[in-house]
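Structure, as structure tokens:
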Amino acid sequence: MQNVAQGSTMDNQKLEKNVHEVGKSSTPQSSNSSPTKSETDTFSERQQTFLMDTSESEDDDGSEVESFLIDPEDNETTIQSSKFLLSTEDTDNTVDPETQARLEALLQAAGIGKLAAGDGKHLADPEVLRRLTSSVSCALDEAAAALTRMRNENPRPQPDTRSLVEACTDGDVITVQKLLTEGRSVHETTEEGESLLSLACSAGYYELAQVLLAMHANVEDRGIKGDCTPLMEAASAGFVDIVKLLITHGADVNAQSSSGNTPLMYACAGGHEQAVCVLLEAKANVEDHNENGHTPLMEAASAGHVTVAKILLDHGAGINTHSNEFKESALTL
């Protein structure tokens, strides 16, 4: 408004100056003379021409002022301003529809629709639009990545399609109970022919062994291979609690494998002192021979388990007992 007022004042001053100059040039030097008709006409024509030029100049200025004073705000300020901000008609840069829709939604949600008030030309600048679009796109990408991480950290539970053998291998007691309740057989075997109870005992799955025994698993089940009993597996690995559990359920402490080894021999060969003591307390035979003629004491001596050998001697093992084939003794091994 100040520029417009200054413009009008300058035009008026210019008009007065021109009128004064015209009048001065048309007035005779002598104060007694009067202007002629031609001189009067000339003065009028010049004055009319100047006024027309001035009027046109004022109209142009007025149109520019009127254009400058247009206010884009109305009842739909947020939507119109956002659309103006995103408009690319006057620029060479284009925005893909998806990004533009996201930007519009974000602007409306943030309530910043008045950004384009005034002439809005600074907001239609390609660089401004590029920065805004880039910021919104980055924010949306980060949000999408966060949602993806949340989904990965909290995956939907998948139906359990494992077999009974697989569940036993994993030591998954709950799934084993569920499958057995649904009618699966506790006497199933692994691909290697091992019984489920032997599998649990060799892996040290105490709770799983309890569940299988409670579901009437055979405590002497040697599986398809017909080799080791569950007690032999537990004694060989030194799982004392499972050894006790199996003995409580009536496991034979003097049973022999296909090679003639007893649970006590397996425990002695592994150097498992506590398991040896539990088996001896359960009346395991200290003088049994395997197919090589070795006794539990020979197995302990052969593996260098001095403490186990002492325990066996304390329980009456014969130090001079010889093997059947090579006449070996605990002293010569």
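For the record, in the sequence shown the residue sitting at position 188 is 188 according to the UniProt record's numbering, with numbers rising by one throughout.
Think of the CB as a built atom: it goes at the ideal place given N, C-alpha and C, for glycine as much as any other residue.
Here the structure is a predicted model, which is why all the values come from computation and not from measurement.
Burial state of residue i (16 or more Cβ within 10 Å)
| i | result |
| --- | --- |
| glutamate 233 | buried |
| methionine 150 | exposed |
| isoleucine 311 | buried |
| leucine 147 | exposed |
| valine 306 | exposed |
| proline 97 | exposed |
| serine 198 | buried |
| histidine 216 | exposed |
| glutamate 194 | buried |
| cysteine 138 | exposed |
| glutamate 299 | buried |
| asparagine 261 | buried |
| alanine 317 | buried |
| threonine 248 | exposed |
| aspartate 295 | In the sequence as displayed, the identity of residue 295 is threonine instead of aspartate. With 16 or more other Cβ atoms within 10 Å, it is buried. |
| asparagine 290 | buried |
| isoleucine 319 | exposed |
| glycine 270 | buried |
| glycine 223 | buried |
| glycine 23 | At glycine 23, the pLDDT of 48 sits below 50, so the modelled position is not reliable; the number obtained from the coordinates is stated separately. Result: exposed. |
| alanine 144 | exposed |
| valine 253 | buried |
| serine 236 | buried |
| glutamine 6 | For glutamine 6, the predicted model reports a pLDDT of 49, less than 50, meaning its position is unreliable; a value from the coordinates is still stated below. So glutamine 6 counts as exposed. |
Sequence-distant residues of the same chain with beta carbon closer than 8 Å to residue i, five excluded per side
| i | result |
| --- | --- |
| valine 240 | His272, Gln274, Ala275 and Val278 |
| glutamine 210 | Leu245 |
| glutamine 256 | Thr262, Asp288 and Asn290 |
| residue 334 | Here the chain covers residues 1 to 333 and nothing more, so residue 334 does not appear. |
Opposing strand residues paired with residue i [DSSP bridges]
| i | result |
| --- | --- |
| threonine 189 | Ser195 |
Unbroken alpha helix (DSSP H) run spanning residue i, endpoints
| i | result |
| --- | --- |
| glycine 238 | Taken as a continuous stretch (DSSP letters only), glycine 238 belongs to no alpha helix (DSSP H), as it is neither H nor E. |
| cysteine 277 | 273-281 |
| valine 308 | 306-314 |
| aspartate 170 | 164-170 |
| cysteine 268 | 263-270 |
| tyrosine 206 | 206-214 |
| alanine 301 | 296-303 |
| isoleucine 174 | 173-181 |
Cutoff 7 Å; reference residue i; Cβ partners in own chain excluding five residues on either side
| i | result |
| --- | --- |
| serine 258 | Gly226 and Asp227 |
| alanine 203 | Gly171 |
| alanine 167 | Thr175, Val176 and Leu179 |
| glutamate 191 | none |
| valine 186 | Leu180, Leu196, Leu212, Met215, His216 and Ala217 |
| valine 308 | Cys268, Gly271, Glu273, Val276 and Ala300 |
| serine 67 | Its pLDDT being 43, under 50, serine 67 is placed unreliably in this model, and the value from its coordinates should be taken loosely. Same-chain partners within the cutoff: there are none. |
beta-carbon residue i near the ligand GDP non-hydrogen atom, thresh 6 Å
| i | result |
| --- | --- |
| glutamate 299 | Among the components of this structure there are no ligands whatsoever, and the ligand GDP is therefore not found. |
Chain-order list of residues whose beta-carbon lies under 6 Å from that of residue i (same chain, five-residue window excluded)
| i | result |
| --- | --- |
| isoleucine 242 | Cys201, Tyr206, Ala209 and Ala234 |
| leucine 231 | Leu246, Ala251 and Pro263 |
| alanine 303 | Ala269 |
| glutamate 220 | Thr229 |
| alanine 282 | Ile247 and Val253 |
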